[in-house]
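Student:
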Amino acid sequence: MPDLATPLIAWYRVNARDLPWRRPGFGAWGVLVSEFMLQQTPVGRVIPHLEAWLTRWPTPSALAADAPAEAVHQWANLGYPRRALWLHRAAVEIRDRHGGIVPQDVDALLALSGIGDYTARAVAVFAYGDRHPVVDTNTRRVLARAIEGRSQPGPPSRRDLDAMAAILPARSDDAAIVDAAAMELGATVCTARSPRCGACPIADRCAWRAAGYPDTGEERRRQARYEGSDRQARGAVLRVLRDAAPLPVRLEDLVSDWPDRLQRDRAIDSLIVDGLAEASDGALRLPR
DNA sequence: CATCCGTGGAA
DNA sequence: TTTCCAAGGAT
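Residue 1148 is where the first sequence starts when you use the numbering used here, and the numbers rise one by one after that.
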């Protein structure tokens, strides 16, 4: 196995973007909030929302003291609004179980709502400097290409953690940089569509390049069509609730022009089931 | 393990 | 215009 860590560290020191959550002393809560927002939402859209969020709720306890509705409202158009709900729940759990301090232990982090393998380790590593493999979609693509010689990674798996762990240096501070560097490389150079291999610090040891860039990656499963989907219906309903908040909206006024009545009702029901909306006497509102 | 869950910008 | 994709997680 070629040494990927050394060139990645050198490259990262020069090329890392100056992102808010990388500033020294940004704090574990800030890192945690940023990671929630970054789950499937691009960096450029996250930054302004992150600043506003942390200004309003500088600590987990501050967020926990407000109603979930406030979190869902502040989440605005970041997408996947249950992340706002989960982040609020996590804040309550941090207040109740950890004295208001974001835990450092990976298992404790994994036990919080909305936190999985990626986010738990990202917080432990980037906020606390511990030594763990951190694997996101960028990292998986980098490893698939550099080590497996494939153009795209296979489906996500627990084995990805082992693959990343295998290239981590012994020192935890170096390991944290390699974690960040693999993500950064995948985000800015080793991109999904048109990778810039001329700017890649590990091109000379990349298995995919050595094999002549074979297109061995299976076709990625196509994302379900959004237009006309249940997700779009949910999004439309929730947007109305956000715009009306804190006032409830009468059910008959909720996207009353939606083309598919059944789909609209299905969206409302599922939002209630998910805890993103609350029915109150013929009307719907964000959850209190 | 496959599917579901928002939103908006770029190719 | 359509398609692709973006620091995932829960079920």
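Beta carbons are placed, not taken as given, at the ideal position from N, Cα and C, and that holds for glycine. Note that this is a predicted model, so its numbers are computed, not measured.
Leaving out five residues before and five after Ala1346 in sequence, what residues of the same chain have Cβ atoms less than 7 Å from its Cβ?
Tutor: Val1336, listed in sequence order.
Student: Taking the straight line between their C-alpha atoms, what separation do you get for Trp1233 and Ala1357?
Tutor: Trp1233 and Ala1357: Cα-Cα distance of roughly 43 Å.
Student: Using beta-carbon positions only, say whether Ala1271 and Asp1243 come within less than 9 Å of one another.
Tutor: It is not a contact, given that the beta carbons lie outside the stated cut-off.
Student: Here's the rule I'm using: 16 or more other beta-carbon atoms within 10 Å means buried, otherwise exposed. How should Met1148 be labelled?
Tutor: Its Cβ having fewer than 16 others within 10 Å, Met1148 is exposed.
Student: How long is the line joining the alpha carbons of Pro1395 and Ala1430, rounded to whole angstroms?
Tutor: Going from the Cα of Pro1395 to the Cα of Ala1430 covers about 6 Å.
Student: With three or more beta-carbon pairs closer than 8 Å as the criterion, would you say the segment 1262-1282 touches the segment 1318-1337?
Tutor: The answer is yes - the segment 1318-1337 touches the segment 1262-1282, with three or more Cβ pairs under 8 Å.
Student: I need the DSSP call for Val1193, collapsed to helix, strand or coil.
Tutor: Correct three-state label for Val1193: helix.
Student: For Val1282, count neighbouring C-beta atoms within 10 Å of its own C-beta (all shown protein chains included) and say buried if the count is 16 or more, exposed if not.
Tutor: Its Cβ being crowded by 16 or more others within 10 Å, Val1282 is buried.
Student: Indicate whether Val1226 and Gln1187 have their beta-carbon atoms separated by less than 9 Å.
Tutor: The sequence shown places Gly at residue 1226, rather than the Val named in the question. Taking 9 Å as the Cβ cut-off, Gly1226 and Gln1187 qualify as a contacting pair.
Student: Classify Leu1431 as helix, strand or coil using the three-state DSSP reduction.
Tutor: Three-state DSSP puts Leu1431 in a strand.
Student: Please report the straight-line C-alpha distance between Ala1238 and Pro1250, rounded to a whole angstrom.
Tutor: Approximately 11 Å between the Cα atoms of the pair.
Student: Candidates Arg1397, Arg1369, Val1402: which alpha carbon is nearest Ala1383's?
Tutor: When each option's Cα is compared against that of Ala1383, the closest is Val1402.
Student: Is Val1190 near Leu1166, with beta carbons less than 9 Å apart?
Tutor: Yes, the Cβ-Cβ distance between Val1190 and Leu1166 is below 9 Å.
Student: I believe Ala1157 touches Leu1315 by the beta-carbon criterion, under 8 Å. Please report the beta-carbon distance rounded to the nearest angstrom.
Tutor: Not confirmed; about 16 Å, so no contact.
Student: Give the range of the alpha helix (DSSP H) segment to which Glu1182 is assigned.
Tutor: That run of the alpha helix (DSSP H) goes 1175-1185.
Student: Excluding five sequence neighbours on each side, which residues of the same chain lie with their C-beta closer than 7 Å to the C-beta of Arg1343?
Tutor: Excluding sequence neighbours, Arg1343 sits near Val1336.
Student: If I measure Cβ to Cβ from Pro1348 and keep anything under 6 Å in the same chain, skipping five residues before and after, which residues do I get?
Tutor: Taken in chain order, the residues that qualify are Pro1154, Trp1158.
Student: Enumerate in chain order the residues of its own chain whose CB-to-CB distance from Leu1201 is below 7 Å, with the five nearest sequence positions on each side excluded.
Tutor: Closer than 7 Å at Cβ, skipping near neighbours: Gly1177, Val1180.
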